[in-house]
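Following: one structure in structure tokens, then a few remarks.
Protein chains: 2
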Amino acid sequence: MRMMTTALKEKLAEILQLSLERVDEFLEICYVVNYDKNRMIEPKNSIFDRLGFILNGAVRIYYINEKGEDISYLLQVNNDVIGDYASYITGKKSVALIQSLLKTEVLYFDKKDVEALIQKDIFWLGLTKHMSDLAFLDAKQRLDELFFYTPEERYLNLLKKSPEILNKIPQKYISSYLGITPQSLSRIRKRIY
Amino acid sequence: MRMMTTALKEKLAEILQLSLERVDEFLEICYVVNYDKNRMIEPKNSIFDRLGFILNGAVRIYYINEKGEDISYLLQVNNDVIGDYASYITGKKSVALIQSLLKTEVLYFDKKDVEALIQKDIFWLGLTKHMSDLAFLDAKQRLDELFFYTPEERYLNLLKKSPEILNKIPQKYISSYLGITPQSLSRIRKRIY
DNA sequence: CGTTCAGTTGACTAAGGTCAATTCCCGTGG
DNA sequence: CCACGGGAATTGACCTTAGTCAACTGAACG
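Protein sequence lines, in the order shown, are assigned to chains G and B. Take the first sequence: its letter number 91 is residue 91 in the UniProt record's numbering, and every next letter is one higher. Take the second sequence: its letter number 33 is residue 33 in the UniProt record's numbering, and every next letter is one higher.
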């Protein structure tokens, strides 16, 4: 990996729970890819044998369901992870698609390279455990959100937690992320103000 | 750990992705607890420093929300895991409660003992990674369920996937598990037949 | 036999979905 | 610079379904 700011390394160290030295080691298997706005990053039926970390920009991870509807499953911005972790660990094909919503820079690492790291030094197994924990906690949080809150409350929560998402991302993607139609989101916004 | 059938060991080996020898090793840190029907297994605000595996019986994991409503979050039966994995990995207090719904036998292991195993042999770190993956896949599945299906579809899915749950567990717990009121579940059932 | 609680049913309300029309916004080309 | 086109967002009318509150039924247990 090429030049990378100290601030970024510290951010990674914090997220991955690694020392700065370990982050440097890890960055050796990483690479950066740049995408223009509105580009397909991962097509349908791909196997996610890598994960990415958004250095800057925004993407959405979405599905096309049986009825042909486009449903945004995740909206990820700076410092968020992208990929389909279920596909990454099981090796199965994913139905998820990824699209950039802005000019986006992604730091990737391939599964095979992580596995090679673990072969060389079992220390890295701890990293994969940690990543798995993070993926679980993310899923759990999203689950609680859907289970315990109404669409309106979910919108307010998002507003509070990630105002940048609301600024950067078209409303139609936000509505399906919240599990509602664009019309309903429009009415919720009207109701609130 | 005391006597345990081969069938059960094979089941554990399959779930935990361990050899039978490793299962024997693992069982040394495990212990069994029996509960009568309708007993409190974990009170509120406990820290889940252990996980359990239901040998037989059924439990529900639930919350009491701000409004004082009792909401069943998970309904677990034979071969399911019990605990609050988020609390287990973060060490934070859990708001989850666990109650037995039948006479239930649980195989437990304590976090500290797993950590001691890892200290002795780093091999066991892989087990924790695997458990974390399983927890993630579970959460993800539940998430998809809530995100993509209506209450009625969720009921039908449950009917197909776990008819035992529907036989064993009172409807009022099933309704909150599905994210609806008992009245709505009653009406859905009426609608279907 | 009566108490209790789960489950059902009824009447009504609230909120999101659907379909269609309209308005807004923004980028492009004349 | 302005006019136009096209997609996004909003709005309206109506429908469907879950929530709420309350009454009622039924089964289990002492």
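Just so you know, even glycine gets a beta-carbon here, dropped at the ideal spot from N, CA and C. Note that the structure is a prediction, hence the values are computed from the model and not measured.
Distance between beta carbons of residue j and residue i, contact taken as under 8 Å
i        : j        : result
B:THR90  : B:TYR35  : Incorrect: roughly 26 Å between the Cβ atoms, too far for contact.
B:LEU125 : B:LYS44  : Not really, about 32 Å apart at Cβ, beyond 8 Å.
G:VAL77  : G:ILE174 : At roughly 12 Å, the Cβ-Cβ gap does not stay under 8 Å, so G:VAL77 and G:ILE174 are not in contact.
G:ALA86  : B:LYS161 : Between B:LYS161 and G:ALA86 the Cβ distance is about 18 Å, and since that is not below 8 Å, they are no contact.
B:PRO182 : B:LYS172 : 5 Å
G:LEU143 : B:LEU137 : Wrong, their Cβ atoms sit about 13 Å apart, outside the cutoff.
Residue from the options with nearest C-alpha to residue i
i        : options                               : result
G:GLU69  : G:ILE169, G:GLY83, G:TYR193, G:SER176 : G:SER176
G:GLU115 : G:ILE61, G:THR128, G:SER94            : G:THR128
B:ILE71  : B:LYS9, B:GLN119, B:TYR62, B:VAL33    : B:TYR62
G:ASN79  : G:TYR88, G:PHE53, G:ASN65             : G:PHE53
G:GLU152 : G:ILE180, G:GLN171, G:LYS67           : G:ILE180
G:PHE148 : G:ARG187, G:LEU178, G:LYS11, G:SER94  : G:LEU178
B:GLU25  : B:SER94, B:ILE47, B:PHE123            : B:PHE123
G:GLU28  : G:PHE48, G:MET4, G:ASP49, G:LYS37     : G:MET4
Contacts around residue i, its chain only, beta-carbon distance under 7 Å, and the 5 residues preceding and following it disregarded
i                      : result
G:HIS130               : LEU16, GLN17
B:CYS30                : MET1, LEU107, TYR108, PHE109
B:ILE41                : TYR35, VAL59, ILE98, GLN99, SER100
B:ILE188               : PRO151, GLU152, TYR155
B:LYS111               : ASP49, ARG50, TYR88
residue 231 of chain B : This structure gives no information on residue 231 of chain B, because the portion of chain B shown stretches from 1 to 193.
Beta-carbon contacts of residue i that lie in its chain and below 8 Å, excluding the five residues immediately before and after
i       : result
B:LEU8  : LEU55
G:SER19 : ALA13
B:VAL23 : LYS9, LEU12, ALA13, LEU16
G:ILE47 : SER87, GLY91, LYS92, LYS93, SER94
DSSP-derived helix/strand/coil call for residue i
i        : result
G:TYR177 : helix
B:THR5   : coil
G:PRO182 : helix
G:ILE169 : coil
6 Å Cβ shell around residue i - same chain, five flanking residues per side excluded
i       : result
G:LEU75 : ARG60, ILE165, ILE169, TYR177
B:ARG39 : SER100
Margin query: Quick check on the DSSP output: what are the complete beta strand (DSSP E) runs of length 3 or more inside the segment 99-167 of chain B, in order along the chain?
Written below: Runs of the beta strand (DSSP E) lying entirely within the segment 99-167 of chain B, each at least 3 residues long, are 104-110 in chain order.
Note to self: Could you tell me which whole alpha helix (DSSP H) segments of length 4 or greater appear in the UniProt domain "Cyclic nucleotide-binding" (14-118) of chain B?
What the structure shows: If we require 4 residues or more, the alpha helix (DSSP H) runs fully inside the UniProt domain "Cyclic nucleotide-binding" (14-118) of chain B come out as 20-27, 85-90.
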